[in-house]
Every structure is written in C-alpha cells, then in structure tokens.
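Structure record follows, encoded as structure tokens.
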Amino acid sequence: MAQAPVRVLVVGASVAGLALARALRLAGLRPVVVEKLAPSVVAGAGIFLPGNAIRALRDLGLDNPLRPLGAVIRRQRYFDSAGDPLCGVDLEQLWHGVGECRALPRADLHRVLLTGAGGEVRHNTEVCDLEMDDETTKVAFGDGSYAEYDLVVGADGRRSTVRRLAGLGGAAHPVGTIAYRSVITGGPQIDEWTALLGQRSGIVLMPMGYGRLYCYADEPLPTGSTPPADPLARVREIFGGYGGPVPAVLDAMEGVQVAVTDEVEVPSWSRGAVVLVGDAAHATSPTLSQGAAMAFEDALVLAEMLRTRPSVAEALVGYESRRRPRTQWVLDRTRDRDRTRDVAPGLRDPQLRDKGARIFQEHYRLLTDPA
Ligand SMILES: Cc1cc2nc3c(=O)[nH]c(=O)nc-3n(C[C@H](O)[C@H](O)[C@H](O)COP(=O)(O)OP(=O)(O)OC[C@H]3O[C@@H](n4cnc5c(N)ncnc54)[C@H](O)[C@@H]3O)c2cc1C
Numbered sequence: 007m008a009q010a011p012v013r014v015l016v017v018g019a020s021v022a023g024l025a026l027a028r029a030l031r032l033a034g035l036r037p038v039v040v041e042k043l044a045p046s047v048v049a050g051a052g053i054f055l056p057g058n059a060i061r062a063l064r065d066l067g068l069d070n071p072l073r074p075l076g077a078v079i080r081r082q083r084y085f086d087s088a089g090d091p092l093c094g095v096d097l098e099q100l101w102h103g104v105g106e107c108r109a110l111p112r113a114d115l116h117r118v119l120l121t122g123a124g125g126e127v128r129h130n131t132e133v134c135d136l137e138m139d140d141e142t143t144k145v146a147f148g149d150g151s152y153a154e155y156d157l158v159v160g161a162d163g164r165r166s167t168v169r170r171l172a173g174l175g176g177a178a179h180p181v182g183t184i185a186y187r188s189v190i191t192g193g194p195q196i197d198e199w200t201a202l203l204g205q206r207s208g209i210v211l212m213p214m215g216y217g218r219l220y221c222y223a224d225e226p227l228p229t230g231s232t233p234p235a236d237p238l239a240r241v242r243e244i245f246g247g248y249g250g251p252v253p254a255v256l257d258a259m260e261g262v263q264v265a266v267t268d269e270v271e272v273p274s275w276s277r278g279a280v281v282l283v284g285d286a287a288h289a290t291s292p293t294l295s296q297g298a299a300m301a302f303e304d305a306l307v308l309a310e311m312l313r314t315r316p317s318v319a320e321a322l323v324g325y326e327s328r329r330r331p332r333t334q335w336v337l338d339r340t341r342d343r344d345r346t347r348d349v350a351p352g353l354r355d356p357q358l359r360d361k362g363a364r365i366f367q368e369h370y371r372l373l374t375d376p377a
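Following this line, the structure appears as structure tokens:
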C-alpha cells in the first residue's frame, strides 16, 4: 500500500478481533485492540472448528499452539431422537487437504488468539461514539477519552455498536431458535461428533479430550417469548425422552448457558474509514459451525487487501467483494439447513437415511476452496 493506515483500531477482542490483530501484525501494521469486557471474562462452553477454520489458523501461524487442545473430530454421526442411526459424514474425507476438524473449550481458543494477537489489548474499554469523515474516524471511549484513527474495524459481534454508529445497518434479526450450551465431565464416553434430531429440536455431543463433552442443543423460540429462567431444567424437559447417550448426558449436566440465536445481513460492510468483520458483518445461526472460520478468513483477506491495495478505500472494496459470496453461501446454506427443522421426523428421517451424508456434505462444498 502506498500510504499504509498507520492508526488502526480494532473494536472487540474475541474471535474476529484477535484474529484480525494477528493478521494485521503479520502484514506489518500495529493495530490498537479495545475490548469492553474485563480480561477475566472469557466466553464459556466449547466450539467446533471445521477444516476451513483450521486452515485459516494455519495461515495465521496459530495451528501449532492449537494442536494439543481439545480433540480431533473425524466423523459426524446423526441419529433420530430414539438413538437409531440416520447417516454419517466422513469429515476426514470432506476436509481432505484442507485441515482437520477440532472441538475444544472456547477459553483455550481465546488464549491462543490472545497470545497470537501480540501487542496490547485494552480491556475494560468500550467504544461509545464515532465521528466520521471520508478518511479518518474520531472515536469516543467509555472513560471519556477520544482518539483519531485511519481505520476503525468493528469486530464487536452480532449486536455491533460500530455497525449502528457507522449507519451500516440496524439490529440483528432473531432466527426463532434458542441455543443451550454446556460442558460436562464424568458423562458417557462418546468418541465422535454425535447429533440426535427430534421434532424441531436437536442435541449435539462432541468429545473435547480429557473426558470432557461439549453439549449444544436447540429448540424453537416463538416470537415475543423470553429464554427460560432455568435453562438446565428446560434442557432436561425437552430432551428427557431422547434415547442413546442422552439420559446419561442429562444426568451429568450441571450448568447450561443460553443464547437467543440471530443473524446479521447488511447491505454494506464499510463506510468511510469504518469496516465490519466477523459476526458484526454476517452472523448466522450456528448450525454449520462456520462463525469462527468466516471471522478468521475475513481477517486474512482484510489484512491482505490493506497490504496490497493502493488505498484504504480500495482495500475495503476488495475485501467485501472477495468475502461476500462466501459468507452469503454460508447464510443461504444455514437457512436451508434450518428450514429442515419444520419437516416432521416421519418425512425427514427416511430422506436422511437415504441421502443425509450427501446433503450435509454439499453444505460445505464451496468452503473447501481457499477463501
Ligand atoms: C450458541 C452458539 C454456538 C456457536 N457455536 C459455534 C461453533 O461451534 N463454531 C463456530 O465456528 N462458531 C460458533 N458460533 C458462532 C461464533 O460464536 C461467532 O461467529 C463468533 O464468536 C464471532 O466472533 P466475533 O469476534 O465476530 O464476535 P463476538 O465473539 O461476539 O465478539 C465480539 C466482542 O466485541 C466486544 N464488544 C462489543 N461491543 C463493544 C464495544 N462497543 N466496545 C468494545 N468492545 C465491544 C464484546 O465484548 C466481544 O468480546 C456459535 C454461536 C452461538 C450463539
């Protein structure tokens, strides 16, 4: 870049912000990263990283520190709610030549990204206001201080403040489901990614090594309803009649986190010297587990554009035009998959037995290609 942006602010030190900080440093930039939460607050539960997420971490030089963490997932197995087999996906074949799939505690991923980001991350620092012109942005922080930047990156998640302040789109849209997450130890031994699909609800179990099991479950949340006050009791109620390993999992379950799932679809990801990455730009419901992968790929592409394009404005155009088709694919396939919730098990299950593996693999087809 003829005129490199010397003053880059990354807002949000989670998956997207920390990966971007790493990518920018590798590109020779020195971003400032701010995070409104304290360093002790780390997202809980687990995360599943498909092959393209691991490939992106390799490109960020972070695959080695990740290797001892969590467990490699080689196969996904789908069952009906009674525990009878429906279909299976061979992940080693699907992601061959791309990267292995891994399930690990979120806190472990966070630690790797935080170390990889290098430099200082200013915690307890919230962005509250932006004053924008075409080339610079003045940022107001929660402590009353101000600073000016040549580029402000909103990596501040699906409910992004930067997106709202920059006029890049409104609130995230609820997709009508609610997700429950829990990490259990001392439960049944499960060696493969295992999903049991019921009537509009499902539960996924993944080994994370050392006897830990990451449990993700969801159910519909009708418009206007609020999340249950006692999520553990609710999970036991919904999945109490399921078969296979579920009764033993429910027995071992102690704490449950709850999240209303929503998506973000905005007409543009940048305005002036402000740009969005990760969930702030394109959140989807977590059905395909592509949130982290898309955030890592955003980071790599944005850093490459800033390094190679002649101006920030051209870099932002290049970034969005390269990333849009891929994130749109993920959004469209996620919606396709989520629509199958409305199909009664009596109709759905014979189809899954017959061609489930092909259907599920097809959802990742474009994503095995480089970002
Ligand atoms: C239930 C559930 C399960 C999921 N499972 C998976 C999975 O298995 N695999 C996967 O790849 N993805 C999964 N996802 C998606 C994944 O969690 C997200 O895509 C990913 O966290 C997005 O990262 P992000 O950095 O863009 O946003 P976030 O992780 O939301 O981080 C945003 C950060 O910005 C900070 N922030 C917000 N506002 C401000 C402000 N004004 N000033 C300063 N800081 C601010 C926040 O505190 C936060 O740390 C799941 C999502 C959900 C809801």
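With this note's numbering as the guide, the letters of the sequence shown map in order to residues 7 to 377.
Glycine included, every Cβ here is placed at the ideal spot set by N, Cα and C.
In this text, all values refer to a predicted model and were calculated from it rather than measured experimentally.
{"query": "Secondary structure of LYS144, DSSP reduced to three states", "result": "strand"}
{"query": "Where ARG345 falls, given that 16 or more other Cβ within 10 Å makes a residue buried", "result": "exposed"}
{"query": "Residue of LEU322, TYR220, VAL78 and THR267 minimising C-alpha distance to ARG341", "result": "THR267"}
{"query": "Contact between the region 60-69 and the region 27-34 (3+ Cβ pairs under 8 Å)", "result": "yes"}
{"query": "Rounded separation between ASP197 and VAL323 - CA only", "result": "44 Å"}
{"query": "Pair within 8 Å by beta-carbon distance, TYR84 and LEU97", "result": "no"}
{"query": "Runs of beta strand (DSSP E) lying entirely within the region 182-266, each at least 3 residues, in chain order", "result": "199-203, 208-213 and 218-226"}
{"query": "Burial state of LEU372 (16 or more Cβ within 10 Å)", "result": "exposed"}
{"query": "beta-carbon GLU154 near ligand 2 non-hydrogen atom, thresh 7 Å", "result": "Ligand 2 is not part of this structure, which contains only ligand 1."}
{"query": "Any non-hydrogen atom of ligand 1 closer than 7 Å to PRO292 Cβ", "result": "yes"}
{"query": "Residue from LEU119, ARG277 and ALA305 with nearest C-alpha to ARG329", "result": "ALA305"}
{"query": "Neighbour-count burial assignment, ALA350, 16 or more Cβ in a 10 Å radius", "result": "exposed"}
{"query": "Heavy atom of ligand 1 within 7 Å of GLY23 beta-carbon", "result": "yes"}
{"query": "Three CB pairs or more closer than 8 Å across the region 53-61 and the region 186-193", "result": "no"}
{"query": "heavy atom of ligand 1 below 7 Å from LYS144 C-beta", "result": "no"}
{"query": "When ASP162, SER327 and ASP156 are compared against VAL279, the one with the closest alpha-carbon", "result": "The sequence as given places Ala at residue 279; Val does not occur at that position. Of ASP162, SER327 and ASP156, the residue nearest in Cα terms is ASP156."}
{"query": "Spatial neighbours of ALA33 in its chain, beta-carbon cut-off 8 Å, leaving aside the 5 residues before and after", "result": "ALA309, GLU310, LEU312 and ARG313"}
{"query": "Any non-hydrogen atom of ligand 1 within 7 Å of GLY208 CB", "result": "no"}
{"query": "Whole beta strand (DSSP E) elements within the region 272-308, 3-residue minimum", "result": "280-282"}
{"query": "Pairwise C-alpha distance: THR229 and ALA8", "result": "With a pLDDT of 47 at ALA8, under the threshold of 50, the predicted position of this residue should be treated as unreliable, though the coordinate-derived value follows. One C-alpha to the other measures close to 51 Å."}
{"query": "Identity of the residue in VAL272, PRO194, ARG81 and GLU243 nearest ALA177 by Cα", "result": "VAL272"}
{"query": "Bridge partner(s) assigned by DSSP for LEU15", "result": "VAL38 and VAL158"}
{"query": "Closest by C-alpha distance to GLU260, when choosing among TYR216, GLY193 and GLY204", "result": "GLY193"}
{"query": "Nearest residue (CA-CA) to TRP199, options PRO180, ARG81, ILE184 and ARG164", "result": "ARG81"}
{"query": "Contact test: ARG187 Cβ vs ligand 1 heavy atom, cutoff 7 Å", "result": "yes"}
{"query": "The beta strand (DSSP E) enclosing ASP86, as first and last residue numbers", "result": "81-86"}
{"query": "Buried or exposed (CB count within 10 angstroms, at least 16 for buried), TYR216", "result": "exposed"}
{"query": "CB-CB length for ASP135 against ALA146, believed under 8 Å", "result": "4 Å"}
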